[in-house]
Structure formats: structure tokens, C-alpha cells
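Remarks on the structure that follows.
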Amino acid sequence: HEDDHEGDAEDDYEDDLAGTTARGAALAAGLSAQLAREEAEARPAGVRAPASAPGPAAGPDAALWDDRALPLLPLQPPRTGREVLTAHITAMVCCAAMDTAGAAPALDWLDGPSLLFDGARTADLAPSVLSLVETGDPGPLRAWMNDLGIRPEKPVRLV
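If you're matching positions, the sequence shown starts at 1 in the working numbering and goes up one per residue.
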């Protein structure tokens, strides 16, 4: 059964982008490739250990005290192309909302990043972005942005 699992990663990636448009899949592939390049460039710098590592002297119990071998938090699986594309579109919409409509960023302890308009949390951005990513239909996202006064034609400040 080992032969059954050889192409699972590629199949999962293709299945992840199967329902998107050709332009969406191409954009997701480009974003995923850029993310992989950035991670590969950052990896050698983070992997190198200092020449003289502080800690207990080498010995049979040294491995018990070496906390650098384990991650502090569980490792997350790599993000799919669809997840990367969705995150980028959401980030750009949030930047445009803050620049043109006076929105404020917020952090919900359960749901993570969120957006505040007039002190109230907006909960309907994700379905609009998913509609754009999955079907290529910009209608729901445009309507959501228009309802809140977000002007997508304005340049976004990336600060």
C-alpha cells in the first residue's frame, strides 16, 4: 500500500485548487511559490546553532536539558494554495478598509484577526472572499465593500 501514498501531496494540492478559476489557481500557485522561496531563504539562518551553545555540559543527560530540539508549539501543516490566496485577498481588503473606510484591526481570542467598523466586529468578510477564491465571482465581495464604504480603487498603504 506504500505505492498508494506516493502522489498524495500533489493530489491534495491539485484537489485544493480544483474548484477555482484558472486565474485563481495561477495566482495561488505564484503566491505559494513565493512563500516557499521566502521560507527556504529564512531556513538556513534559523537552523544554524551558535558556536558555543549555552547550557549544561555535554554528557549522557545533555539531551534531556536540550529544549532547542523540540518546537514550543505544535507544527502546523503547510498552507495550501487556496489558503494562501484567501489570506492575501483578506489582507488586502482589510488594508483597503483601514485606509478608506476608517476600519480598525482587532484580534479575537477564538477566531484570530478581525476587522472593526464603528467599534463592531464584521463577521461576513470570509464568505465573500471564499466566493471570489472558489468560484471567481467578485460580486459578493464588491457588494460587501460597497456597503461599508470601502474604496478598492484607492492605493493601499502597506506600512
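Idealized CB from N, CA, C, for every residue including glycine.
- Cα atoms of THR20 and THR80: separation of roughly 13 Å, rounded to the nearest angstrom.
- In this structure, the CA atom of GLY24 is about 11 Å from the CA atom of LEU130.
- Annotated three-state conformation of PRO105 is strand, per DSSP.
- THR122 has its alpha-carbon roughly 11 Å from the corresponding atom of ASP108.
- Within the DSSP secondary-structure output, GLY136 pairs in no beta bridge.
- Residues ALA106, ASP108 and ARG121 of the same chain have their beta carbon placed closer than 6 Å to that of SER114, with the five preceding and five following residues left out of the count.
- Proximity to PRO78 across ALA36, ASP111 and GLU41 peaks at ALA36, based on C-alpha coordinates.
- Under the three-state reduction of DSSP output, LEU130 falls in the helix class.
- Contact between SER128 and LEU141 is confirmed by a C-beta separation of about 4 Å, below the 8 Å threshold.
- A direct Cα-to-Cα measurement between GLU38 and LEU31 gives close to 11 Å.
- The beta carbon of GLY139 is closer than 8 Å to those of SER131 in its chain, skipping five residues each way along the sequence.
- The C-beta separation of ALA104 from LEU116 comes to about 4 Å, placing the pair in contact by the 8 Å criterion.
- With respect to ALA96, PRO152 sits close: the two C-beta atoms are nearer than 7 Å.
- Selection GLU41, GLU83 and GLN76 evaluated against LEU27 yields GLU83 as nearest (Cα-Cα).
- Taking 7 Å as the cut-off, the beta carbon of ILE150 is found closer than this to the beta carbon of ALA101.
- Residue pairing for LEU116: DSSP places it in a beta bridge opposite ALA104 and ARG121.
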